[in-house]
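Asker: If you read the sequence shown in my numbering, its first letter stands for residue 1, the second for the next number, and so on.
Beta carbons are placed, not taken as given, at the ideal position from N, Cα and C, and that holds for glycine.
This one's a predicted model, so the numbers in the text were calculated from it and none came from an experiment.
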Amino acid sequence: NKSMTDPYTPPPGTFSNPSTNQQQYQQPQYSPQGQQPNVGYAPGGAYDGPAPGTDVGNDISKSFSWAWQAFTKNWVALVVPGVIWGAIYLIILAGFFVGYFASITAMANSFDASESNGTEALAIIIFILVMYAIMILIQLPLAAWMSGAARSAGLVARGQTPTIGNGLFHWKTFFTYILYVILSFISIIIPLIGPLACMFFFSLAPYLSAGRDAGPISAFKDAANKALAKPAHVILTWLVTFALAFVVMITGIGMLLIPAVLPFMSLFYMSMLARIEGTRPAPVV
């Protein structure tokens, strides 16, 4: 009797050729779909084409495709925070303008009622400085909203489902945005070159902070390194989003779409950031 471990017994799945030399043919083995490369990456989708980070045109195209799919899948969680912050911002802005015109009227009446003693110029300077400070402060709701939108986009890029709460605020990204705005103001000291340099080196910082839950300093350092590594990607990403924002702002109907446009741009930025790093955002399912 032959043993079950007889080395001359053909293994299961093989067939013997009755001809000389007994050549054996191995039966093709079934490969599970989950182990096949590029499963789900159908041509024309967001994952075909050149490797990420190698072709800026393809990266922009695929990022737009991914951002749109991600937005339509999660639009409630992405849009509602914008509507909430937009309402708060409009209330604050209305209060600012009421106070502004009331102050102008009161100041004009005061100047008319009193003789000129040289204090008018000082009062005007103080008034202007206060107005500038208030104008900066009323941007805080906008920065809070942008921080939440970037955070939600980061969660989607990692394959998670964002909530309305995620889109309202993210404190690390909020402070990164504030620092970015401050640097942008300071960069005006060097006309044209300063703002462009600030945009080039640091525009990715808020999205790095949101995507990695990183602090502002770490995000700014990483943003500068990525800008130097992929300058064309950073510049074109900024230009595309700037053009989209410009089109929205110059049209009345477009302004109503801001609660949707801003999270869409955050998704686009997050996808481009992934591609700059040589990876892709998670598939939208």
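Please classify Phe-97: is it buried, with 16 or more other beta-carbons within 10 angstroms of its beta-carbon, or exposed?
Answerer: Phe-97 should be labelled exposed.
Asker: Determine the DSSP secondary structure at Ala-287, reduced to helix, strand or coil.
Answerer: Residue 287 falls outside the range modelled here, since the chain spans only 1 to 285, and no answer is possible.
Asker: What is the residue span of the alpha helix (DSSP H) that Ala-274 lies within?
Answerer: Taken as a continuous stretch (DSSP letters only), the alpha helix (DSSP H) holding Ala-274 covers 258-276.
Asker: Can you give the Cα-Cα distance for Ser-271 and Ile-178, rounded to whole angstroms?
Answerer: Distance between the alpha carbons of Ser-271 and Ile-178 is about 23 Å.
Asker: For the segment 153-172 against the segment 133-142, are there 3 or more C-beta pairs whose distance is under 8 Å?
Answerer: As far as the Cβ criterion goes, the segment 153-172 does not touch the segment 133-142, which means the pair count is below three.
Asker: Which residues in the same chain as Val-234 place their Cβ atom closer than 8 Å to its Cβ, once the five residues preceding and following it in sequence are excluded?
Answerer: So the qualifying residues of the chain are Phe-200, Ser-203, Leu-204, Lys-226, Ala-227 and Ile-276.
Asker: Taking 8 Å as the threshold, find out whether the segment 143-153 comes into contact with the segment 68-83 through three or more Cβ pairs.
Answerer: Yes: at least three Cβ pairs fall under 8 Å.
Asker: Put Gln-160 into one of helix, strand or coil per three-state DSSP.
Answerer: Here Gln-160 sits in coil by DSSP.
Asker: Where does Phe-169 fall in DSSP's three states?
Answerer: In the structure shown, Phe-169 sits in coil (DSSP, three-state: anything other than H, G, I, E or B).
Asker: Assuming Thr-237 is part of the alpha helix (DSSP H), what are its boundary residues?
Answerer: It spans 231-249 - the alpha helix (DSSP H) in which Thr-237 sits, taken as one unbroken run.
Asker: Once you ignore the five residues that flank Met-131 on each side, which residues in its own chain have a CB closer than 7 Å to its CB?
Answerer: Excluding positions up to five away in sequence, the list reads Tyr-100.
Asker: Which of the three DSSP states, helix, strand or coil, is assigned to Ser-61?
Answerer: Helix, per DSSP.
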